[in-house]
Amino acid sequence: MKRSLGKLIALMILSMSGWGATYEWKMLEAPQSLYVQQSGVVRYECTFSTSAADYTIDFKPSGSEEYRASILTQRDQIVKGKRVQTFDVLITPLREGNIEIALEALIRHTTFASIENASIGRDNVKKYDFDDETAHLPKVLITAKPNRAALSGEMALEVRIDKRSVIAHEPVHVSLFLRGRGNLDQYVPYELNISGVNIFAEEPMRDISP
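Residue numbers (my numbering): 14 to 223.
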C-alpha cells in the first residue's frame, strides 16, 4: 500500500448481512505518527447499499492501555440514495511505540414488524427489537513518539484587548485565544495574576474540531 507523508488513505471492510443491505467501512484518513499525549483524528466512513432507514450504528470507541479514543464529530447523510455515516475519532497515544488502533461498532437492524408493533402498541410493545451485528473497523497503525512537553502540536496564542488607555478603576476586557493543532483537549486553562489588578474571569470555552 502506498503511503503519503501525512495520512493513510482508504482502508476498507465490506460486510454482507442477511438483512437486505450491505455496508462498507472505510478508514479515510489518519495520522501516521503522533507524540505521546498528542491527539489526532482518525476518520471512518460507513456506506450502506441503500438508504438504510431501518439501521442504526452504535459506535462508542473504547481505548486501551496504549491509547484513548473518543468520538469527536459524527455526520449522517444520504448520497445518491445511499446512507453515508462519517465518524471522526480522537486518538491520543499514551505510550511510545507502534500502536494498533482496532475499533468495533455495533450495526443494529430493526424489522418493519418491530416498527409497526412499537408504533401501534400491539401486544403492549413499548420498544423496538433489534438484530445486532458487530463490525470490525479497518485497523490503523500509528507510531507514537516520545514527548516531554505538556502540550504538543502547532499552536498560536492571540490576545485581544478592547482599550489601550484607561483611567484608574476603569474595566478593561481582555480575551485570550489558543488555537492550533495538537493535544488541546489536554490543555489546562491558566489564571492571570497581575499585581494591583482585580481580575474577574469567565469560564473558558472549548471548541475542538478536526
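Backbone N, C-alpha and C define an ideal beta-carbon position, used for all residues, glycine too. The model shown is predicted, which means the values in this text are computed figures rather than measured ones.
Other residues of its chain near residue i: CB distance less than 7 Å, five sequence neighbours each side excluded
{"i": "N160", "result": "Y48, V49, Q50, Q51"}
{"i": "I212", "result": "L205"}
{"i": "V153", "result": "L21, M40, A43, V55, I114"}
{"i": "T60", "result": "Y36, E37, K95, V97"}
{"i": "K176", "result": "V185"}
{"i": "N196", "result": "Q50, Q51, S52, T105, L164, S165, G166"}
{"i": "G8", "result": "Outside the displayed span of the chain (14 to 223) sits residue 8, for which this structure offers no information."}
{"i": "P74", "result": "A82, S83, I84, V102, L116"}
Residue i in three-state terms, based on DSSP
{"i": "Q199", "result": "helix"}
{"i": "E204", "result": "coil"}
{"i": "N130", "result": "Note on N130: pLDDT 49, under 50, position unreliable in the model; the coordinate value appears next. Three-state DSSP puts N130 in a helix."}
{"i": "P184", "result": "coil"}
{"i": "E171", "result": "strand"}
{"i": "P106", "result": "strand"}
{"i": "K95", "result": "strand"}
{"i": "N211", "result": "coil"}
{"i": "I221", "result": "coil"}
{"i": "K176", "result": "coil"}
{"i": "R161", "result": "coil"}
{"i": "D89", "result": "strand"}
{"i": "S83", "result": "strand"}
{"i": "F190", "result": "strand"}
{"i": "D67", "result": "coil"}
{"i": "K139", "result": "Bear in mind that a pLDDT of 49 at K139, under 50, signals an unreliable position, so the model cannot answer this."}
{"i": "E78", "result": "coil"}
{"i": "S17", "result": "Reliability of the predicted coordinates at S17 is poor, the pLDDT of 36 falling under 50, and no value is obtained from them."}
Closer than 8 Å to chain C by CB, residue i
{"i": "L119", "result": "The question asks about chain C, but that chain is absent: this structure has only one protein chain."}
Host beta strand (DSSP E) of residue i (start-end)
{"i": "K73", "result": "Taken as a continuous stretch (DSSP letters only), K73 belongs to no beta strand (DSSP E), as it is neither H nor E."}
{"i": "S46", "result": "46-48"}
{"i": "P151", "result": "Premise fails: P151 is in no beta strand (DSSP E) and is neither H nor E."}
{"i": "E216", "result": "Premise fails: E216 is in no beta strand (DSSP E) and is neither H nor E."}
{"i": "G53", "result": "53-61"}
{"i": "L119", "result": "117-122"}
{"i": "E42", "result": "35-42"}
For residue j and residue i, believed in contact at Cβ under 8 Å, the rounded distance
{"i": "L150", "j": "Y57", "result": "6 Å"}
{"i": "Q199", "j": "L170", "result": "That belief does not hold up - the Cβ atoms of Q199 and L170 are roughly 16 Å apart, past 8 Å."}
{"i": "A157", "j": "I112", "result": "5 Å"}
{"i": "I207", "j": "S46", "result": "The Cβ separation is near 40 Å, so there is no contact."}
{"i": "F143", "j": "T123", "result": "5 Å"}
{"i": "D67", "j": "L119", "result": "Actually they are not in contact, since the Cβ atoms of D67 and L119 sit about 15 Å apart, beyond 8 Å."}
{"i": "T69", "j": "R121", "result": "5 Å"}
6 Å CB neighbourhood of residue i in its chain, flanking five on each side removed
{"i": "R194", "result": "G166, E167"}
{"i": "E117", "result": "T147, H149"}
{"i": "R173", "result": "S188"}
{"i": "R88", "result": "T99"}
{"i": "F34", "result": "With the sequence shown as reference, residue 34 is identified as Ala, and Phe is not the correct amino acid for it. Taken in chain order, the residues that qualify are F61, S62, T63, A65."}
Residues of its chain near residue i, where Cβ-Cβ distance is below 8 Å and the 5 sequence neighbours each way are ignored
{"i": "G224", "result": "With the chain covering only 14 through 223, there is no way to say anything about residue 224."}
{"i": "V179", "result": "V185"}
Quick test of the definition: if touching needs 3 or more C-beta pairs under 8 Å, does the region 80-91 touch the region 103-115?
Enough Cβ pairs lie closer than 8 Å, so yes.
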